[in-house]
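Just so it is clear: in the sequence shown, position 138 is 381 by the numbering used here, and no numbers are missing. In what follows, a structure is listed as structure tokens, so that the remarks can point back to it.
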Amino acid sequence: FSAIKIRGERAYDLARAGEIVDMPEREVEIDSFALVNHGADLSEFVVTCAKGTYVRALARDIAEMLGTKGHVARLHRSAVGGFSDADAVQLADIEAAEPEGRTRFLLPVAAGLVGVPEIRVDMRQASLIRLGNPVLLTGAGAPIAMEECWASLKGEAVAVGCVEQGQFKPRRVILPGG
Numbered sequence: 244f245s246a247i248k249i250r251g252e253r254a255y256d257l258a259r260a261g262e263i264v265d266m267p268e269r270e271v272e273i274d275s276f277a278l279v280n281h282g283a284d285l286s287e288f289v290v291t292c293a294k295g296t297y298v299r300a301l302a303r304d305i306a307e308m309l310g311t312k313g314h315v316a317r318l319h320r321s322a323v324g325g326f327s328d329a330d331a332v333q334l335a336d337i338e339a340a341e342p343e344g345r346t347r348f349l350l351p352v353a354a355g356l357v358g359v360p361e362i363r364v365d366m367r368q369a370s371l372i373r374l375g376n377p378v379l380l381t382g383a384g385a386p387i388a389m390e391e392c393w394a395s396l397k398g399e400a401v402a403v404g405c406v407e408q409g410q411f412k413p414r415r416v417i418l419p420g421g
């Protein structure tokens, strides 16, 4: 079961409590699907999909369409956002590094915000945002409303938040150098 809320409760909590949960159908975006191995009791596939796609539910639904039952025995997320397996660092490499040198394995917070709209702010606005305050966005291209975005000062992430009535409202503030 998923983290989708039903009547204000997570579906997996309801299922664990023994309640039969009827999950609402929803449309998902599958960019590619490839069956890479198929046997009598085990199939392996690779899927590229948009966020919000529950791969376990996809496997269950495919099995049902084939007139059988199915579940996911192993799930590996090979990429999310701007990160992929190719970018991964082995834990042993981090452990082998000198403590002072371990920061070389870290990426700036902004690297994890690829694809999320960026709002550039000045030093004064950044100072206010870092204190948790909303700031009015001005200028010709300033957005009026935005559900999800991040504020930056000279390319460095300041906060993640939203824009309501022309104001950037921080939800999570990021400390300088963070």
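We treat Cβ as the ideally placed atom computed from N, Cα and C, and that holds for glycine.
Alpha helix (DSSP H) runs contained entirely in the segment 291 to 359, provided each spans 4 or more residues: 298 to 308, 334 to 339
Local conformation of residue 269 per DSSP, three classes: coil
Backbone CA spacing between residue 320 and residue 246 [nearest angstrom]: 17 Å
First and last residue of the uninterrupted alpha helix (DSSP H) at residue 258: 254 to 259
For residue 371, the three-state DSSP class (helix, strand or coil): Residue 371 carries a helical assignment under DSSP once its states are collapsed to helix, strand and coil.
Identity of the residues DSSP links to residue 280 by a beta bridge: 287
Residues of its chain near residue 278, where Cβ-Cβ distance is below 7 Å and the 5 sequence neighbours each way are ignored: Beyond the five residues adjoining it in sequence on each side, residue 278 comes within less than 7 Å, by CB distance, of 286, 288 in the same chain, given in chain order.
Cβ shell of residue 365 (< 7 Å), same chain only, five flanking positions each side left out: none
Between the CA atoms of residue 333 and residue 459 - distance to the nearest angstrom: For residue 459 there is no data in the structure shown, the boundaries of the chain being 244 and 421.
Nonlocal neighbours in the same chain, by C-beta distance under 8 Å from residue 340, ignoring five residues either side: 347, 348.
Proximity below 8 Å, CB of residue 404 to CB of residue 413: yes
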